[in-house]
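Every number in our numbering is 12 more than the matching position in the sequence shown, counting from 1.
Where is the CB? At the ideal position from N, CA and C, for every residue including glycine.
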Amino acid sequence: HLFKKFSPTSLRPSHSRERLDSCGLPPDTMPALIAPSSNHIITVPTTDGSTSTTTHTYHLRSLHDTTSEEGQEHHTDIVKWTKFCASVFSYKSNPPPASYFARHYYNDPRRDPALVRVLIHCPNDSEEEHQHGELVSSVRIFRRTLGTGFDNNTLTLPTIEAGGIGEVCTSPNHQRRGLSKILLKDALSIMSTSCSEGGTNEGRISCSLLHASPDFRPVYSKVGGYQSVRSEWSVVPIKRLHLSKNVKMSDDSDVDNNAWFTIRQAKFPEDACQLQQLHAEYSEKRLVTIVRSVQYWKEYVSAELGDTLWVLTKPSAIATDGGGEDSIVSWVSVRARGEERYQLREFGVDKSTSNNNSVVPTSWAMKRLLGVALDQASGGSVDSEKEFVSTLLLPTFVLSEMKEEMAKNNGNDDAAFLDIDNATEENDDGWMYVNFDESTPSVLELTTRKIDPVPHLIWPTDAF
C-alpha cells in the first residue's frame, strides 16, 4: 500500500499561516522555489570497441503532482518515480520497496513535486517523450529547518532553512554519463538562487546537506563544495539481563518513589504536541539538528517509526506539567544494524524540573525503555538463565549523560546494563554541508569553533 497511512490529498501542504493546529501552532509552510526544465545532450562512446560515438538527449524536469477539477490528485508521475527508485536500489541485500519512497514523499509536510528533479531519456526529443518518456535519473531536495543550539545571549533558538539532497539514483543502463552530476548541479542552482534572490527567511535556503558513504564524499566535495561535519557516536555492549521492565521507582531514587510509570507505544496524533516540545528541549536547544514541527511529528515521524516508538509516561496527577491523561518523560526507538547490533534511532528525556520533582535520570529511563524496544527489535526476550550481550550504537552525548549519572551516584545501579569499560567511538563523518549564505556561519564553523561549539547530530529518524 503506497498510501497506507494517509491519502495523498489529505497530505497536501497548507500555505496558510492563519490556520492553527491542535497544539496552537501554525502548520508547516513551503514557499515555492524556481525549478526550470532544460535539455541536455550527452555524447558517449559506443560499446563495440570502435571510435564511434552515440548521442543521447535527456530532458530535465520536475515531477508532476497536480489536482484535477474533481479534486482528486493525479500521482501517476509520483508512482512511476517511486518504482524507478526501488528498481535502482534493488541490488541491495534488503532493498527498499517503492512504498518506502512513497512514504518518504507523501508523509513529508513540506514535500514539493517541483523539487523532485528527474532526467527523462528522449531519443527523439519530442514533447511526448518529455512528459512520458523513460525516467533514468533522480535527485530530490528535502525542505528542512535546522536548529543551531540555544543562544544564551538572545534567549532564542536560531534556525537555518536547509535543502537536503536525497534519493540520488541513476538507471544502470545510463550510468557513467554524468547524469547525477547534472542533477546535483541543478539542485544546487535552485537552492543557491533562493538564497541570492533574497525574500523571506522562510523562502531562503541558506545551506544544503546530504549523507554520503566514504567513496562518494570526494565526489560531492568536488562537484558541490560539500564539507564533512562530524557526528559523535559510540558503541557500547549492553547486558540484556540487566535491563528492566519494572517501572516503579526504587526507594533510593532521586525521583518521587510513589510515582508509577507506564511504558506504551506512542499514539498519534495524541502524543505529537508533547513529543514536539520535549524533543525541542532535549535535542534542538543543544544540537545542530532537524527542527520538528507538530505536523512533522504527526505525519512524518509517526510513519517512519510506526510501532517501534516507545514512550515512558506517568499520570497527570504527578506529571510535572499537570496536563493530559499522562505525561511523557522519555521515549525511544531502536533498529537492528546487524547480528545483535542495534542503533538508537530516536531518544529523549524530559529534563525539566518543577513542583520539587527532580529530573528523570537518563539511565533509569533507558534501562526500562531498552528492555521493551530491544525485545521487539530482536523478535523476543532473552534467555533469563544466561548472560546475553548486544551492542548499541548511540549518540556520544547520551552515553556521556549516563556516565555522569554513574559518577554522581557512585556507580548507579540503573546504568549497570552498560559495559562502559568496553565502549568505543564510532563517529560518523558522512553528513556533508555547503553554505550559500555568507552572512551566517556555516554548520562546519558552528561545530568546530573554539568557544561554545554546537554538537552535530541528525537523528536516524530524520535521515533521507
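If we count the other Cβ atoms within 10 Å of its Cβ and call it buried at 16 or more, is residue i buried or exposed?
| i | result |
| --- | --- |
| Gln-143 | exposed |
| Ala-385 | buried |
| Ala-419 | exposed |
| Trp-245 | buried |
| His-27 | Note on His-27: pLDDT 34, under 50, position unreliable in the model; no value is reported. |
| Lys-326 | buried |
| Arg-73 | buried |
| Ala-44 | exposed |
| Pro-407 | buried |
| Lys-462 | exposed |
| Asp-198 | buried |
| Trp-93 | buried |
| Ile-53 | exposed |
| Asn-367 | Note that Asn-367 scores a pLDDT of 39, beneath 50, so its modelled location is shaky and nothing firm can be said. |
| Trp-272 | exposed |
| Glu-417 | buried |
| Glu-139 | exposed |
| Asn-185 | exposed |
| Val-372 | buried |
| Asn-119 | buried |
| Ser-225 | exposed |
| Ser-262 | With a pLDDT of 48 at Ser-262, under the threshold of 50, the modelled position of this residue cannot be trusted, and the question is left open. |
Answer yes or no: do residue i and residue j have a C-beta to C-beta separation smaller than 7 Å?
| i | j | result |
| --- | --- | --- |
| Ala-98 | Ala-47 | no |
| Ser-206 | Ile-172 | no |
| Ser-256 | Gly-391 | no |
| Thr-374 | Glu-413 | yes |
| Gln-307 | Pro-121 | yes |
| Arg-156 | Val-128 | no |
| Trp-443 | Val-300 | no |
| Ala-377 | Val-361 | yes |
| Leu-221 | Gly-176 | yes |
| Glu-358 | Thr-459 | no |
| Arg-189 | Ala-315 | no |
| Ser-5 | Glu-351 | Since the first residue shown for the chain is 13 and the last is 476, residue 5 is missing from the structure and cannot be characterised. |
| Val-235 | Lys-279 | no |
| Val-248 | Leu-430 | yes |
| Phe-448 | Ser-204 | yes |
| Asp-77 | Ser-243 | no |
| Leu-147 | Phe-101 | no |
| Gly-159 | Leu-169 | yes |
| Ala-389 | Tyr-445 | no |
| Gln-288 | Asp-319 | no |
| Ser-295 | Asp-40 | no |
| Phe-400 | Arg-252 | yes |
| Leu-191 | Thr-182 | yes |
Check the C-beta distance from residue i over to residue j and give it rounded, since I have them as a contact under 8 Å.
| i | j | result |
| --- | --- | --- |
| Arg-380 | Ile-302 | No, Arg-380 and Ile-302 are not in contact; Cβ-Cβ is about 27 Å, not under 8 Å. |
| Trp-322 | Trp-343 | 7 Å |
| Glu-179 | Ser-149 | At roughly 11 Å, the Cβ-Cβ gap does not stay under 8 Å, so Glu-179 and Ser-149 are not in contact. |
| Lys-297 | Phe-162 | 4 Å |
| Thr-69 | Asn-51 | 6 Å |
| Ile-202 | Asp-283 | Contact flag wrong, Cβ pair sits at about 35 Å. |
| Ala-435 | Leu-411 | 7 Å |
| Leu-117 | Ile-90 | Leu is not the amino acid found at residue 117; the sequence shown has Tyr there. That pair is a contact at about 6 Å. |
| Leu-404 | Leu-356 | 6 Å |
May I ask which residues mark the beginning and end of the beta strand (DSSP E) holding residue i?
| i | result |
| --- | --- |
| Trp-343 | 338-348 |
| Leu-127 | Element bounds for Leu-127: n/a, residue is neither H nor E. |
| His-52 | 50-57 |
| Leu-404 | 401-407 |
| Gln-355 | 353-361 |
| Glu-146 | 146-160 |
| Glu-450 | Segment: none, Glu-450 is in no beta strand (DSSP E) and carries neither H nor E. |
| Glu-438 | Run containing Glu-438: none; DSSP gives neither H nor E here. |
| Lys-175 | Correcting the residue type first, residue 175 is Gly in the shown sequence and not Lys. Start and end: 171-182. |
Consider the Cβ of residue i: report whether some Cβ of chain D lies at a distance smaller than 7 Å.
| i | result |
| --- | --- |
| Thr-325 | Here there is only one protein chain, and chain D is not present. |
Please report the residue range of the alpha helix (DSSP H) in which residue i lies.
| i | result |
| --- | --- |
| Gly-383 | 374-390 |
| Leu-458 | 455-460 |
**Q.** Segments of 3+ residues assigned as beta strand (DSSP E) that fall wholly inside the stretch 215-260
**A.** Entirely contained in the stretch 215-260, the beta strand (DSSP E) runs reaching 3 residues are, in chain order, 219-223 and 245-251.
Q) What are the complete alpha helix (DSSP H) segments, minimum 4 residues, inside the stretch 266-326? A) Within the stretch 266-326, the complete alpha helix (DSSP H) runs of at least 4 residues are 284-291 and 314-317.
(Q) For a minimum of 3 consecutive residues, which ranges assigned as the beta strand (DSSP E) are wholly contained in the stretch 65-117? (A) Segments of the beta strand (DSSP E) lying fully in the stretch 65-117: 65-74.
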